[in-house]
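Asks:
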């Protein structure tokens, strides 16, 4: 896999998630410190949990300070352009989906590199991609959006399966952009047509 | 200790906790993905935190994919039998209490095997047994039930002390079922007679 | 650094945080077990996350049972003196701020000792100091107070920067009390004059 391409995408994903975290925190009227914390957690939380579960410590961002800088830039960017971002929602959405896609692939690669099974690798990929958002929502005292939103983690799952299935047949140079595009398209279609997974109705559904 | 017996009980406990998580998530009208996540976290969260604290990584379920299958079976089972489970609440309760009991013993054994002190081992046992349910409730945005319910973690504590006290005098073949039965009976009595620990009233108790 | 002084301060901080956790839990009418859990998490949660992120496992309190005793003493103390503590709020506040200060320094020292960069070391210091309170508030189903309170983590940040800046010029014997006093004074001034960081207002600020 082209390391410099992946690194670039990783940074883009971190940046986009930091923006989404900063915006979510500002809607809750947190102070600047709170906004930074939520931006940080949203951008780096998924990778942190992945590294903890796999025993890769100190976790990545503790060894490469540039991640912190990117989160800081993301939060400042969200602050400066908060009025514009409203109308740029589509742009933000693309960045967010790009982050999802890249983190899915990165998480899988890291887990496969440690000799874990493909099923676990796909789980690590999904976890890297979505866990930051889950903590963000817990910190902001909401039922995690991931549980209510249009196909989200499921897009990562589908992308992960595609990536795993084609890994032996395609070089990374083609496979990475194909997987990213696939996840992006799934997200675009899901949001445009409000595709939801079916809910799993229990006895108390009428409440 | 008879490894195959413990393994069997472990699988039963995981299955039961997966069912309880799936039902809790479906009451919150989460989609199928959300239900799977909550079932997974409820069933495996306690053991995961235990392994993280003790530095046992990658954590257990990452190396043995059968745990994931059992969680999947548990969630599917909860879906298929969701109407019947309402009337089977007593059966479910027994399975849940069985899970509590087995996870308490497993957690203790794992900690003692790493040379940790008995007090810490009992804590690891309780944590293995109850932490999954705590995260489940946080994800579903409730005050963790463990803090409001009839004697629950306290049953694990009592079982852990019993297990520790008798470990030198009884072979595992007798001690494991005795401890399990003890915790089961504590739970049955606590729920039937609504036994609560006293609350610890602060100055603002009248609010 | 004088180990015995730091150890003493560490124990004082743990004790103070255990009291604050026990009081917070009792306001939520949790039972005795819940109170102990919240006291424990508040007092030891920050150090636990710090040790997990840095790969220092088993984490500190699993190897030194006296931490558990201190948490227990703190919770019992909070119970016995709950009426008096209301009027002793100022005393409690000083203990809490002392805990913040000491944990900031301890976290930094631990991280620097592992060869991590100063920026990460300051983050580990802040995290050690404030994370316990964050989990406490999540368990009690509140938006973490840290996000709403007068300058809190920011005091740790300022203290951490001071400590780092002066580390080469002053022996620990002077630097530790100076940093602690500095953080204490920041907290006193912040609370007395209701100093807040500015909020970061998003588009939906009028909601």
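Chains as they are written, first to last, in the numbering used here: chain Y, 196 to 402; chain V, 196 to 402; chain D, 196 to 402.
Glycine residues also receive a C-beta, built at the ideal position from the N, C-alpha and C atoms.
Keep in mind it's a predicted model, so treat the numbers as computed, not measured.
1) Quick one: is residue 348 of chain V near chain D, going by C-beta distance under 7 Å?
2) So is residue 352 of chain V buried or exposed if we call it buried at 16+ other beta carbons inside 10 Å?
3) Between the C-alpha atoms of residue 222 of chain D and residue 216 of chain D, what's the straight-line distance to the nearest angstrom?
4) Determine, using beta carbons only, whether residue 319 of chain D comes closer than 7 Å to chain V.
5) Please specify which runs of the alpha helix (DSSP H), each continuous and at least 4 residues long, are wholly inside the stretch 358-389 of chain Y, giving them in chain order.
6) In angstroms, rounded to a whole number, what distance separates the CA positions of residue 252 of chain V and residue 250 of chain Y?
7) To the nearest whole angstrom, what separates the beta carbons of residue 260 of chain V and residue 314 of chain Y, a pair I think is in contact under 8 Å?
8) Is the separation between the beta-carbon of residue 311 of chain Y and that of residue 257 of chain V shorter than 7 Å?
9) For residue 375 of chain Y, which residues in the same chain have their Cβ closer than 6 Å to its Cβ, ignoring the five residues on either side in sequence?
10) May I ask you to verify whether the stretch 288-295 of chain Y touches the stretch 355-374 of chain Y, counting CB pairs closer than 8 Å and requiring at least 3?
11) In chain Y, which residues lie less than 9 Å from residue 260 of chain V when you measure between Cβ atoms?
12) Looking at C-alpha atoms only, which residue of Y:346, Y:212 and Y:354 is the closest neighbour of residue 303 of chain Y?
13) Straight-line CA distance for residue 207 of chain V to residue 346 of chain V?
14) By how many angstroms is the C-alpha of residue 324 of chain Y removed from the C-alpha of residue 348 of chain Y?
15) How many Å lie between residue 306 of chain V and residue 322 of chain V at the Cα?
16) Whole angstroms are fine: how far does the CA of residue 276 of chain D sit from the CA of residue 318 of chain Y?
17) Any beta carbon of chain Y sitting closer than 7 Å to that of residue 250 of chain D?
18) Do the CB positions of residue 218 of chain V and residue 273 of chain V come within less than 7 Å of each other?
19) Cα separation between residue 255 of chain Y and residue 388 of chain V?
20) For a contact defined as C-beta to C-beta under 7 Å, what are the partners of residue 150 of chain Y on chain D?
21) Going by beta carbon distance, what residues of the same chain come within less than 7 Å of residue 230 of chain V, once the five residues before and after it are set aside?
22) Can you confirm whether residue 268 of chain D, when its beta carbon is compared against all beta carbons of chain V, has any partner nearer than 7 Å?
23) Who are the near neighbours of residue 382 of chain V in its chain, counting only those whose CB is closer than 6 Å to its CB and skipping five residues on each side?
24) Give me the Cα-Cα distance between residue 301 of chain Y and residue 209 of chain V, rounded to the nearest whole angstrom.
25) Suppose you measure from the CA of residue 202 of chain D to the CA of residue 357 of chain Y; what does that come to, to the nearest Å?
26) How should residue 241 of chain Y be labelled, buried or exposed, when 16 other C-beta atoms within 10 angstroms of its C-beta is the threshold for buried?
27) If we call anything under 7 Å between Cβ atoms a contact, is residue 334 of chain V one with residue 266 of chain V?
28) Let me confirm a value: residue 361 of chain D is counted as buried when at least 16 other C-beta atoms fall within 10 Å, else exposed. Which label applies?
29) Where are the alpha helix (DSSP H) runs, 4 residues long or more, that stay fully inside the stretch 207-253 of chain Y, in chain order?
30) Mind checking if residue 226 of chain D is an interface residue toward chain V, Cβ cutoff 7 Å exclusive?
31) Counting only beta-carbon atoms, is residue 392 of chain Y nearer than 7 Å to chain V?
32) Does the Cβ of residue 308 of chain Y have 16 or more other Cβ atoms within 10 Å, making it buried, or fewer, making it exposed?
33) Give the DSSP-derived three-state secondary structure of residue 393 of chain V in the structure shown.
34) Let me check understanding here. Comparing Cα to Cα, which of D:359, D:316, D:237 and D:227 lies closest to residue 211 of chain D?
35) Is it true that the CB of residue 227 of chain V sits closer than 7 Å to the CB of residue 390 of chain Y?
Replies: A quick look at the data gives this:
1) True, the Cβ-Cβ gap to chain D drops below 7 Å.
2) Of the residues assessed, residue 352 of chain V falls on the buried side of the cut-off, its CB having 16 or more other CB atoms within 10 angstroms.
3) The straight-line gap separating the alpha-carbon atoms of residue 222 of chain D and residue 216 of chain D is approximately 10 Å.
4) Not a single CB atom of chain V sits nearer than 7 Å to the CB of residue 319 of chain D.
5) The alpha helix (DSSP H) runs of length 4 or more contained entirely in the stretch 358-389 of chain Y are, from start to end of the chain, 367-387.
6) One C-alpha to the other measures close to 5 Å.
7) Contact between residue 260 of chain V and residue 314 of chain Y holds, since their C-beta atoms are separated by about 6 Å, short of 8 Å.
8) In contact: residue 311 of chain Y and residue 257 of chain V (Cβ atoms closer than 7 Å).
9) By the criterion of a C-beta distance shorter than 6 Å, residue 375 of chain Y is surrounded in its chain by 296, once the five residues flanking it on both sides are discounted.
10) The stretch 288-295 of chain Y makes no contact with the stretch 355-374 of chain Y; the number of CB pairs closer than 8 Å stays below 3.
11) For the C-beta of residue 260 of chain V, the chain Y residues within less than 9 Å are, from N- to C-terminus, 312, 314 and 315.
12) Here the closest residue by C-alpha is Y:354.
13) Using only the alpha carbons, I get a separation of about 22 Å.
14) Take the alpha-carbon of residue 348 of chain Y and the one of residue 324 of chain Y: they are about 8 Å apart.
15) The straight-line gap from Cα to Cα measures roughly 11 Å.
16) So the two alpha carbons sit approximately 49 Å from each other.
17) Yes - at least one Cβ of chain Y is within 7 Å of the one on residue 250 of chain D.
18) One thing to note: residue 218 of chain V has its Cβ within 7 Å of the Cβ of residue 273 of chain V.
19) Distance from the CA of residue 255 of chain Y to the CA of residue 388 of chain V, rounded to the nearest whole angstrom, comes to 51 Å.
20) The requested residue 150 of chain Y is not part of the displayed model; chain Y covers only 196 to 402.
21) The beta carbon of residue 230 of chain V is closer than 7 Å to those of 217, 220, 221 and 270 in its chain, skipping five residues each way along the sequence.
22) No, no contact with chain V.
23) Excluding sequence neighbours, residue 382 of chain V sits near 292 and 350.
24) Residue 301 of chain Y and residue 209 of chain V: Cα-Cα distance of roughly 29 Å.
25) CA-to-CA, the gap between residue 202 of chain D and residue 357 of chain Y works out to about 54 Å.
26) Under this definition residue 241 of chain Y is a buried residue.
27) For the 7 Å CB-CB criterion, residue 334 of chain V and residue 266 of chain V do not form a contact.
28) Exposed, by the Cβ-count rule.
29) Runs of the alpha helix (DSSP H) lying entirely within the stretch 207-253 of chain Y and spanning at least 4 residues, in chain order: 227-249.
30) Yes - at least one Cβ of chain V is within 7 Å of the one on residue 226 of chain D.
31) For residue 392 of chain Y, the answer is yes, since a Cβ of chain V falls inside 7 Å of its Cβ.
32) By the neighbour-count rule (16 or more Cβ atoms within 10 Å), residue 308 of chain Y is not buried but exposed.
33) Here residue 393 of chain V sits in coil by DSSP.
34) When the alpha-carbon of residue 211 of chain D is set against those of D:359, D:316, D:237 and D:227, the nearest one is in D:237.
35) Between residue 390 of chain Y and residue 227 of chain V, the C-beta gap is not smaller than 7 Å, which leaves the two residues out of contact.
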